[in-house]
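Counting along the sequence shown from 1, when you hit position 98 you're at 85 in the numbering used here, and nothing is skipped either side.
For reference, the structure is listed below as structure tokens.
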Amino acid sequence: MRAATLDTDKTIQETTKMPFSVFLAKYRAYIAANLAPNSISSFEYAVEKLQSTLSIRYVQDITPRALEQLKLTLKSQDYKPVSINSYLTLLKGMLYYAERENILPPLPWKSVKKLRAPKGRVEFHSPQEIAAILALHTSISWKLVVLLGVRAGLRAAEINSLKWQDVDLSRRQIYIAPSKTERFRLVPISQDLYNMLQSVKVRQADEYVIGDWHYNTVRSLCSTYRSTTKKLGLHCHLHKLRHTFASHLAQAGVDLYRISKLLGHSSIQMTEIYAHLSPSDMPGAIEKLPEIK
């Protein structure tokens, strides 16, 4: 028997072809009921990269070899390995669904290996960089986008969808609705964020906290943020604000358990990427051992 290769052309030819747009509508209905909003937004971004890189007319045009081509193209465009691996995971999830629905025959998707990504390195902004980002735009809504990320650790989707009904200024906390993978969380409001929210709410009639910076898609908000900050010459993406929030807390000595709760992580293992930023006092820890008598 011939070993499995990246493409099994004969099997694909025997499968009735389905237009990718038809399949995508079917899969979107599936993930709308089964994935969290953040994951759906990430999937849409992965599909955008797939379609802008490859000529996909039918779902059968997507093969392991095609995914390899996508991986190499994104790598040549200096996309980070972590981002490329995330796109591959989301797209493979779509293709496994196609197999379960008998739209595609079983193919060796596992042969498309992830890129080796560096571990333990987190990119975050310095306070000086945050000040420069805040000064980029005179709009208070823009400043709220930045502060909700860097002072409350909200994800892009959470910033975009945050409504005034979820902001309790009297108790100084923000209510983040539960997703399919996480429980709800309450995030305390820092003083600078509180001052900004209070000044905006007095004169803003929009139901969304970020007002005219609210977009129909999270991808649009992220794209606008990236293009606006491009003039600073920094590596700016909206999720980096959330990393900055957690990194600054870790540097200030806040324990990983509390950082995990503030971020809404389902497991503290997800928060351990910030562990190396925490102040270390190993000798002091040893001195806390009880005396043996």
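The beta carbon of each residue, even a glycine, is placed where N, CA and C say it ideally should be.
Please read all numbers here as calculations on a predicted model, not as lab measurements.
Residue closest to residue i, alpha-carbon to alpha-carbon, out of the options
{"i": "I260", "options": "Q238, P114, R172", "result": "Q238"}
{"i": "H222", "options": "D65, V174, L37, S128", "result": "D65"}
{"i": "L264", "options": "Q256, L243, S186", "result": "L243"}
{"i": "I90", "options": "D48, P266, L184, C209", "result": "D48"}
{"i": "P51", "options": "N203, E35, S70, M81", "result": "M81"}
{"i": "T3", "options": "N72, I255, H252, A85", "result": "A85"}
{"i": "Y181", "options": "A262, N72, V154, Y195", "result": "V154"}
{"i": "V189", "options": "S214, I127, Y162, R245", "result": "I127"}
{"i": "E116", "options": "R158, E31, V133, Y32", "result": "V133"}
{"i": "V46", "options": "M257, L22, L94", "result": "L94"}
{"i": "D179", "options": "F30, Y17, L121, D199", "result": "L121"}
{"i": "I246", "options": "M183, L149, V174", "result": "V174"}
Per-residue DSSP class, three states only, for residue i
{"i": "A(-9)", "result": "In this predicted model, A(-9) has a pLDDT of only 45, less than 50, meaning its place in the structure is not dependable; the value taken from the coordinates is given anyway. Three-state result, A(-9): coil."}
{"i": "K4", "result": "coil"}
{"i": "D242", "result": "coil"}
{"i": "D199", "result": "helix"}
{"i": "D155", "result": "strand"}
{"i": "K280", "result": "coil"}
{"i": "K150", "result": "strand"}
{"i": "Y45", "result": "strand"}
{"i": "G136", "result": "helix"}
{"i": "L141", "result": "coil"}
Cutoff 7 angstroms; reference residue i; Cβ partners in own chain excluding five residues on either side
{"i": "L41", "result": "A53, Q56, L57"}
{"i": "T60", "result": "T40"}
{"i": "R103", "result": "P68"}
{"i": "W151", "result": "K188, E194, V196"}
{"i": "H201", "result": "N147, Y195"}
Same chain, Cβ closer than 8 angstroms to residue i, neighbours up to 5 away in sequence not counted
{"i": "K79", "result": "L54, W96, V99"}
{"i": "R(-11)", "result": "Confidence at R(-11) is low in this model, with a pLDDT of 40, below 50, so the placement of that residue should be treated as unreliable; the coordinate-derived value is given next. Correct list: empty, nothing qualifies."}
{"i": "K36", "result": "L57, L61, Y74"}
{"i": "T215", "result": "L123, H124, W129"}
{"i": "Y83", "result": "W96"}
Outcome for residue i when other beta-carbon atoms lying within 10 angstroms are tallied against a minimum of 16
{"i": "T76", "result": "exposed"}
{"i": "G220", "result": "exposed"}
{"i": "R229", "result": "buried"}
{"i": "L156", "result": "exposed"}
{"i": "E145", "result": "buried"}
{"i": "L135", "result": "buried"}
{"i": "K218", "result": "exposed"}
{"i": "L141", "result": "buried"}
{"i": "K227", "result": "buried"}
{"i": "G251", "result": "buried"}
{"i": "A118", "result": "exposed"}
Beta-carbon contacts of residue i that lie in its chain and below 6 angstroms, excluding the five residues immediately before and after
{"i": "S283", "result": "There is no way to answer for residue 283, as the model of the chain reaches only from -12 to 280."}
{"i": "S8", "result": "none"}
{"i": "F30", "result": "L77"}
Span of the alpha helix (DSSP H), counted from its first residue to its last, around residue i
{"i": "V187", "result": "178 to 188"}
{"i": "S253", "result": "It is not in any alpha helix (DSSP H) - S253 carries neither H nor E in the DSSP assignment."}
Bounding residues of the beta strand (DSSP E) (the contiguous stretch that carries residue i)
{"i": "L163", "result": "Checking the displayed sequence, the identity of residue 163 turns out to be Ile instead of Leu. Element bounds for I163: 160 to 163."}
{"i": "P175", "result": "172 to 175"}
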